[in-house]
Amino acid sequence: MAKLYDKSLKAVHNKRHPRVLTLTDGDGLGARVSTLGKVRWQLRYKIEGKSKRLDLGDYPEISLVRARELAAECRNWLAEGYDPKHKRLLQRKQTLTPVTVKEALDYWLREYAEPNRVHVGKHKAQFNRHIYGEIGALPLAECTTQIWLECFDKIRKGDKRTKRRPAPVAAGYIMQNAKQALRYCRVRQYASSRALDDLTVMDVGQRQGKRDRVLTESELRQLWGQVETEALGAYLSSLIKVLILFGARSYEVRLSQWSEWDLKNKLWTVPKAHSKTDVLIIRPIPEALIPWLRALRIQTLHSGYLLGELKRPETVSQSGRLLWQKLKHAEKWTLHDLRRTLATNLNNMGVMPHVVEQLLGHSLGGVMAIYNRSQYLPEKAAALEQWLEFLTKTQDLDDGDPQQPEVEVIGHSNVVQFGR
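Using numbering that gives the first Met the number 0, the first residue of the sequence shown is number 0, and each one after it goes up by one.
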């Protein structure tokens, strides 16, 4: 059977004809010519003995060479057991309405992160700040590794145009979340991209350094004094008091509701939804803390939240990040370092390590994690009573030490003079 040539197609294109013509190119490919001279490529094939026809596009938009390529692709699909018409429809849908980078990341946030990640708000904020404005509208399938790297480089190096500071740790953190999001979308067959598969944190930024900061007894004494006088403001003072006493994570306290606090049985139960390890965390409440909690409950019960309102994590983190400077401490510390301070001091007091780990809400390692389901409530209660006694004793000693310097109360015009 003779093959078609461009010369043959041009001879009939946009010419009037007395009837519909069909020009064949072989292997099922043909060109249907209307009476007005419109030329449309068609592929004829059979499935289980039934004849089928598939339109491939119009000439000259689809050239003869391209029409042969499309026909060959369809024949390959047919050989693999697929109906070319169905495959073409799916392919066109992906091409004309592709899943964008933003849609893919939003899918992961909605379907996975929201029910499983405590810091989902942080993930959303970072994607919105660093990803969506840069490449969010691009089709995911067309977003190459190089495009992603350019985006991460702006995070790592900073952006003078938008006055953003260099953030190499954030770049690595965002890349890890985006990498997990693309894998999730691929596994769930929502969208497919392997552009981030080979990247590591060090390729785009740097890992967060392991911290070992523990507040000294003098620093802890000063901070406790600020908390007890609510010199930091009601919200921050209450937050830090709970962090110091229980060694909790800041978001466990920030999200804490009064329904978690059983003052009668003296237990604080952190639900799985607020737990990083996805397990209940039960902490005994020291007897001496009950009066303070009852007074706080009167003030904040209307909101449902322990601290009276639900503040954004960035707001709380920023407030805590600056405290060391306001208190004129020599070395930087963050709210998270209060957990390490409690753990270090309790271990120095002789509290067993597994009890400390339970208080912190860590998972016990090895076989113990599988078979040991004890909450060690008596041991934890004893440890917290000992810790509160230490804090109170520390403050009492501070009040009786004439050598201690004056400490300015942040946010107040007067000065509290410890030791007088």
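Beta carbons are placed, not taken as given, at the ideal position from N, Cα and C, and that holds for glycine.
Quick one, which of Leu288, Lys271, Trp267, Ser274 has its alpha-carbon nearest Ile281's?
It is Trp267 whose Cα lies nearest to the Cα of Ile281.
Beta-ladder partner(s) of Ile280, from DSSP:
The secondary-structure analysis by DSSP pairs Ile280 across a beta bridge with Val269.
Compare the C-alpha of His16 against each of Lys37, Ala30, Thr23, Val269 and name the closest.
If we check each option's Cα against that of His16, Lys37 comes out closest.
Just the Cα atoms here: how many angstroms apart are Ser318 and Leu254?
Computed Cα separation, rounded: 16 Å.
Which value, in whole angstroms, describes the spacing of the CA atoms of Ser362 and Val241?
Straight-line Cα distance between these residues: approximately 21 Å.
State the Cα-Cα distance for the pair Asn371 and Leu358, rounded to the nearest angstrom.
Caution is warranted here: a pLDDT of 46 is assigned to Asn371, below 50, making its placement in the model unreliable, and no coordinate value can be reported.
Taking 8 Å as the threshold (C-beta atoms), are Leu306 and Leu238 in contact?
Yes, these two residues count as a Cβ contact at 8 Å.
Would you check if the segment 203-223 and the segment 272-279 touch, i.e. whether three or more CB-CB distances between them fall below 8 Å?
Too few Cβ pairs lie closer than 8 Å, so no.
So, are the CB atoms of Tyr106 and Tyr44 less than 8 Å apart?
In this structure, Tyr44 does not lie closer than 8 Å to Tyr106 by Cβ.
At the level of alpha carbons, what is the spacing between Glu384 and Pro285?
Linking Glu384 to Pro285 through their CA atoms gives a straight-line distance of about 6 Å.
Between which two residues does the beta strand (DSSP E) harbouring Ile46 extend?
Here the beta strand (DSSP E) through Ile46 covers 38-46.
Any contact between the segment 143-162 and the segment 203-211? By contact I mean 3 or more CB pairs, one from each, below 8 Å.
The segment 143-162, when compared against the segment 203-211, does touch it at the 8 Å Cβ threshold.
Rounded C-beta distance between Ala140 and Ser192? I'm assuming under 8 Å.
Confirmed, about 6 Å.
Cβ-based neighbour list, Ile369, same chain, cut-off 6 Å, excluding 5 preceding and 5 following:
Caution is warranted here: a pLDDT of 45 is assigned to Ile369, below 50, making its placement in the model unreliable, and the coordinate value is therefore given only provisionally. Cβ within range, chain order: n/a, list empty.
Going straight from the alpha carbon of Lys123 to that of Tyr111, what length do you get?
When only Cα atoms are considered, Lys123 and Tyr111 end up about 12 Å apart.
Considering only DSSP beta bridges, list what Arg52 is partnered with.
Paired residue(s): Arg43.
Reference Val119, options Arg338, Thr343, Thr161, Ala180, closest by Cα
Taking only the C-alpha atoms, the option nearest Val119 is Ala180.
Could you tell me the alpha carbon to alpha carbon distance between Asp197 and Leu214, rounded to whole angstroms?
Rounded to the nearest angstrom, the two C-alpha atoms are 40 Å apart.
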